[in-house]
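Here is the structure we will look at.
Protein chains in written order, with my numbering: chain A, 1 to 116; chain B, 1001 to 1071; chain C, 2001 to 2218.
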């Protein structure tokens, strides 16, 4: 058997490593809950924001499907878009407050692949 | 134990390549493969089960919505 | 009554197991429930952390087995109570395992990941802007991923793919490929890389067929 698992590669190995690390950090979240109050707060914020982010992604995807199928009126599209936009902005603020990065809240959902 | 079967990893020259292949392995070996459930299992790797469970649940919700729409 | 670490499911009538030390240097053994067998090793630990060394030890056992016969890889870190528990698993899921072994016979798994560069979207001026922008982005991802995926899928017996696991990771795909086709896939990936110079491609393998085992019924 081939001893080198790298079959073919173009581009920047650093970039691949960075993206793969994001996936991995998502898979093994969260770290043990620490005992000092600040870490607990941050840990809880991370858990809650992860959930919200998941729901946001799910709902947004559902909305995009509807837009794609043409089953929404212009006004509905505008209203939904506003909601998601605001939610996203609010999430960005909260992430900053609790010093969390995107990958801290990322549980990859997989089934986006179904869309292909 | 220097003759552990680590030859695959050891043969990858550059550390970056080695890391990438390891991450690719991690992504499959921890998340895929035959998954056995039930109380006969003592443990599976350190993956946080709350998160795994959550992911499964939400994925199912998403699938159901998807199916519902196609009707 | 040692706990059994589970590596793989295979056919009982395959060649004799190679003399092989796996995780922690413990030699592998077979637990047979004809026509199936599980490849195991007794371990005294309560759990196995996914360290680099352990992962490669697990992988090395699977790859040595793959050289001899078709196997279904078991998820890393699976420890069962005892040999009886291993038999129970083989018995209960016999039909699924046999069907899977047939489906993946003579195949390996290849992995493809593709990165793309995306200019950050302009600040949306309205809700409609935002939503339509997201939709356009998604459709573009599908089109671009499709151009890579379709020629490779033609060489594979089965495929699994995910789009946009991260915003930069356009495509994550696994291909179930006959061993004899590996070189062909490599060639095709190289051609695709040439046709799409703005994308970054990473193809690894051959792996055990991790992505192509069925989910077991409870």
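Cβ atoms here follow ideal geometry from the backbone N, Cα and C, with glycine treated the same way.
Item: Rounded C-alpha distance that separates residue 2118 (chain C) from residue 2141 (chain C); Value: 10 Å
Item: Every unbroken beta strand (DSSP E) within the stretch 2015-2093 of chain C, with a cutoff of 3 residues, ordered by chain; Value: 2029-2033, 2036-2043, 2071-2073
Item: Through-space distance from residue 2130 (chain C) to residue 2113 (chain C), alpha-carbon basis; Value: 28 Å
Item: Alpha-carbon to alpha-carbon, residue 2100 (chain C) and residue 1032 (chain B); Value: 14 Å
Item: Nearest neighbour of residue 2206 (chain C), chosen from C:2057, C:2067, C:2192, C:2135 [CA to CA]; Value: C:2067
Item: Contacting positions in the stretch 2086-2099 of chain C - beta carbon closer than 7 Å to chain B; Value: 2088, 2089
Item: Members of the stretch 2107-2139 of chain C near chain B, C-beta cut-off 7 Å; Value: 2111
Item: Through-space distance from residue 2018 (chain C) to residue 2197 (chain C), alpha-carbon basis; Value: 44 Å
Item: Span separating the alpha-carbon of residue 2049 (chain C) from that of residue 2055 (chain C); Value: 9 Å
Item: Min CB distance residue 1028 (chain B) to chain C below 8 Å; Value: yes
Item: Cβ-based neighbour list, residue 2062 (chain C), same chain, cut-off 8 Å, excluding 5 preceding and 5 following; Value: 2007, 2008, 2071, 2073, 2208
Item: Span separating the alpha-carbon of residue 66 (chain A) from that of residue 2134 (chain C); Value: 13 Å
Item: C-beta atoms of residue 2053 (chain C) and residue 2005 (chain C) nearer than 8 Å; Value: no
Item: Contacts of residue 6 (chain A) in chain B (Cβ-Cβ under 8 Å); Value: 1012, 1017, 1020, 1021
Item: Distance between residue 2088 (chain C) and residue 2115 (chain C) (C-alpha atoms, nearest Å); Value: 43 Å
Item: Short CB-CB distance (under 8 Å) between residue 2204 (chain C) and chain D; Value: Protein chains A, B and C are contained in the structure displayed, whereas chain D is not.
Item: Cβ-based neighbour list, residue 2203 (chain C), same chain, cut-off 6 Å, excluding 5 preceding and 5 following; Value: 2112, 2189
Item: Cross-strand partners of residue 2141 (chain C) (DSSP beta bridge); Value: Residue 2141 (chain C) is not bridged to any residue.
Item: Collapsed DSSP secondary structure at residue 98 (chain A) in the structure displayed; Value: coil
Item: Straight-line Cα distance separating residue 13 (chain A) from residue 46 (chain A); Value: 29 Å
Item: Host alpha helix (DSSP H) of residue 2193 (chain C) (start-end); Value: 2182-2195
Item: Contact the stretch 2156-2176 of chain C vs the stretch 14-22 of chain A: 3+ CB pairs below 8 Å; Value: yes
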